[in-house]
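Inspection log for the structure reproduced underneath, given as structure tokens.
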């Protein structure tokens, strides 16, 4: 609907300018209207076409950048949990993921999900993940309005993420933590797949 509202003035100015230009270029038309007013109307339509188009593109770009910043702030709230999962699933002689990967990279989430299926986490790692989830659950609930600013789908998946983090923080045994961690990574993967 927004795109239609942006395109409607462009189409209107473009068609009006084209018709006026066609009328102006027709052979045999003389008079005050054709010599004075018609070129002004053509100029007005062309200026409107370019200005509306330019401002619309700038507005769309700024809106896209703002939404990207909101999405990055949401992903940044999950960094601690992802960092603990990354450390728990770290292979021998491997480096932990950097902050940018933890904040932005959907491939890291898929890799962690695959590793989690193959690995058997020790008690200390499970406890660290559970404690990180406990520390971040309130922040995730506070960020629900931010997710709602992106779209209804972003809000739905953020609510699912918050629920999986709550389950992770309340899990009392190893299977419960494993299940909640897998659910968290699945939900985060779906959240990352949403377009802005």
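Residue numbers (my numbering): 8 to 203.
Don't be surprised by glycine CBs; every beta carbon is placed ideally from N, CA and C.
The structure displayed is predicted, hence computed values, not measured ones.
- Judged by pairs of C-beta atoms under 8 Å, the segment 105-124 does not touch the segment 168-180, as fewer than three such pairs exist.
- In the assembly as shown, residue 137 is a buried residue. Its beta-carbon has 16 or more other beta-carbons within 10 Å.
- At least 7 Å separates the beta-carbon of residue 201 from that of residue 120.
- Residue burial annotation: residue 18 is exposed, with fewer than 16 other C-beta atoms found within 10 angstroms of its C-beta.
- If you compare the alpha carbons of 131, 15, 173, 101 with that of residue 63, the shortest gap goes to 15.
- Per the coordinates, the alpha-carbon of residue 154 lies some 23 Å from the alpha-carbon of residue 91.
- Between the alpha carbons of residue 168 and residue 57 lies a gap of roughly 44 Å.
- Bounds of the alpha helix (DSSP H) holding residue 113 are 113-125.
- For the set 172, 182, 161, 185, the Cα lying nearest the Cα of residue 199 is the one of 161.
- Put simply, of 166, 53, 97 the residue whose alpha carbon is nearest the alpha carbon of residue 122 is 97.
- Membership of residue 95 in the alpha helix (DSSP H) is indicated by the continuous run 86-95.
- Rounded to the nearest whole angstrom, the CA to CA distance from residue 127 to residue 118 is 15 Å.
- For residue 152, the three-state secondary structure derived from DSSP is helix.
- Approximately 48 Å separates the beta-carbon atoms of residue 52 and residue 84; this is outside 8 Å, ruling out the contact.
- Between residue 144 and residue 172, the beta carbon gap of about 5 Å places them in contact (Cβ cut-off 8 Å).
- Per the C-alpha coordinates, the member of 81, 135, 188 positioned closest to residue 149 is 81.
- Here residue 128 carries a coil assignment [DSSP, helix/strand/coil].
- Taking a contact as a CB-CB distance under 8 Å, the pair residue 102 and residue 139 does not count as one, their CB atoms being some 20 Å apart.
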